[in-house]
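Per our numbering, residue 15 is the first one in the sequence shown, and the count goes up by one each step.
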Amino acid sequence: MPNDFPGKRVVVVSPHSDDGVLSLGAAMASWVRRGAHVELLTVFALDQASDAPAGGWDARAGFSTEGEAAVGRRAEDTAACAILGATPAWLSFGSVDYERHGDQTAVRDAIAAAADGVDALLLPGFPLSHPDHEWLGRALVGGRMGCRRLGLYVEQPYGRSTDGEPSVPPWAEEALGARPVFGSVSAGVPDRVAKWRAVREYRTQLALLGMTRSLRRGPHSLVLGELVAWIDP
Numbered sequence: 015m016p017n018d019f020p021g022k023r024v025v026v027v028s029p030h031s032d033d034g035v036l037s038l039g040a041a042m043a044s045w046v047r048r049g050a051h052v053e054l055l056t057v058f059a060l061d062q063a064s065d066a067p068a069g070g071w072d073a074r075a076g077f078s079t080e081g082e083a084a085v086g087r088r089a090e091d092t093a094a095c096a097i098l099g100a101t102p103a104w105l106s107f108g109s110v111d112y113e114r115h116g117d118q119t120a121v122r123d124a125i126a127a128a129a130d131g132v133d134a135l136l137l138p139g140f141p142l143s144h145p146d147h148e149w150l151g152r153a154l155v156g157g158r159m160g161c162r163r164l165g166l167y168v169e170q171p172y173g174r175s176t177d178g179e180p181s182v183p184p185w186a187e188e189a190l191g192a193r194p195v196f197g198s199v200s201a202g203v204p205d206r207v208a209k210w211r212a213v214r215e216y217r218t219q220l221a222l223l224g225m226t227r228s229l230r231r232g233p234h235s236l237v238l239g240e241l242v243a244w245i246d247p
């Protein structure tokens, strides 16, 4: 199966709201345009009913409680997905700043249920430098999750801050029993424009990520170079 079309049913696992779109927005738009049903599944989407004080990151984004952050950031997902043609879905697990609302087994089971029978499941694979991303990777990498094909993607904007070729950490390579090789995912100009527009919907996040008032690091800087390593059965 070529790198540019993973199948008719695709689930992109996003640790937080914004990660999936920042990393694979153009690819998602391309797959939808070519007939795929693409679901963006955010894992640490937080508990909308929680009145726990907002964690450090969400407080800096202007939210006062976990619930407020959950509602606000899901709304950004919804707007971004509408541009890409993807379907948003959320799990109410907490990020590192909050109560997890479940352990790694619970997270793995929830994602396996969402991925059962899909043609492709895409997980964050590099650089996994954020503690939530590594926690999620350790919970998921090495399991097939009921999907026909597994893909690992380079996380942006974190990936562009690294030197050399992307590679999974040793523990992930051991769990997979293989050394994944990352390759470009094709996307057309309309797909890249759609990603640029979708990224701009994450208004509470762009400044925190250093992506405002910068010609070098703005949303346009992420429209090229999306990378995926496919792990075939």
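Don't be surprised by glycine CBs; every beta carbon is placed ideally from N, CA and C.
Quick one: what's PRO102 bridged to in DSSP? Here the question's residue 102 lines up with position 88 in the sequence shown. Paired residue(s): LEU54.
Should VAL24 go down as buried or exposed, given a rule of 16 or more other Cβ atoms within 10 Å for buried? By 1-based counting over the sequence shown, the position of residue 24 is 10. By the 10 Å Cβ count, VAL24 comes out buried.
Contacting residues, own chain, Cβ-Cβ under 6 Å from CYS161 (five flanking each side not counted): For the purposes of this step, residue 161 is identified with residue 147 of the sequence shown, where counting begins at 1. Hits under 6 Å: ALA129, VAL132 and LEU135.
Using C-beta distances below 6 Å, list every residue in its chain close to HIS30, excluding the 5 sequence neighbours before and after it, in chain order. On the sequence shown, position 16 is the one that residue 30 refers to. The answer, listed in chain order, is PHE58.
Terminal residues of the alpha helix (DSSP H) in which VAL46 lies: Your numbering for residue 46 matches position 32 in the sequence shown. Its alpha helix (DSSP H) spans residues 33-47.
Grab the span of the alpha helix (DSSP H) containing ALA243 for me, first residue to last. Here residue 243 is taken as the residue at index 229 of the sequence shown, counted from 1. From DSSP, ALA243 is part of no alpha helix (DSSP H) but of the beta strand (DSSP E) over 241-245.
Quick check: the Cα distance between LEU222 and ARG74, rounded to an integer number of angstroms? Here the question's residue 222 lines up with position 208 in the sequence shown. Here the question's residue 74 lines up with position 60 in the sequence shown. Those two C-alpha atoms are separated by around 8 Å.
Alpha-carbon to alpha-carbon, LEU166 and MET15: As a first step, residue 15 must be located in the sequence shown, where it is residue number 1. As a first step, residue 166 must be located in the sequence shown, where it is residue number 152. The predicted model places MET15 with a pLDDT of 41, which falls under 50 and marks its position as unreliable, so this point remains unresolved.
Taking the alpha helix (DSSP H) that HIS26 falls in, what are its first and last residues? As a working note, residue 26 is residue 12 in the sequence shown. According to the sequence displayed, residue 26 carries Val and not His. Segment 23-28 is the beta strand (DSSP E) holding VAL26; no alpha helix (DSSP H) there.
Measuring alpha carbon to alpha carbon, tell me which of VAL46, LEU241, GLU80 and ALA186 ends up nearest GLY70. Walking along the sequence shown from the start, residue 70 turns up at place 56. Of VAL46, LEU241, GLU80 and ALA186, the residue nearest in Cα terms is GLU80.
Can you grab the Cα-Cα spacing for the pair GLU113 / ALA63, in whole Å? If you number the sequence shown from 1, residue 113 lands on position 99. If you number the sequence shown from 1, residue 63 lands on position 49. In a straight line, the C-alpha of GLU113 is about 13 Å away from that of ALA63.
DSSP beta-bridge partners of TYR167: For the purposes of this step, residue 167 is taken as residue 153 along the sequence shown, with counting starting at 1. Bridge partners of TYR167: PRO138 and VAL242.
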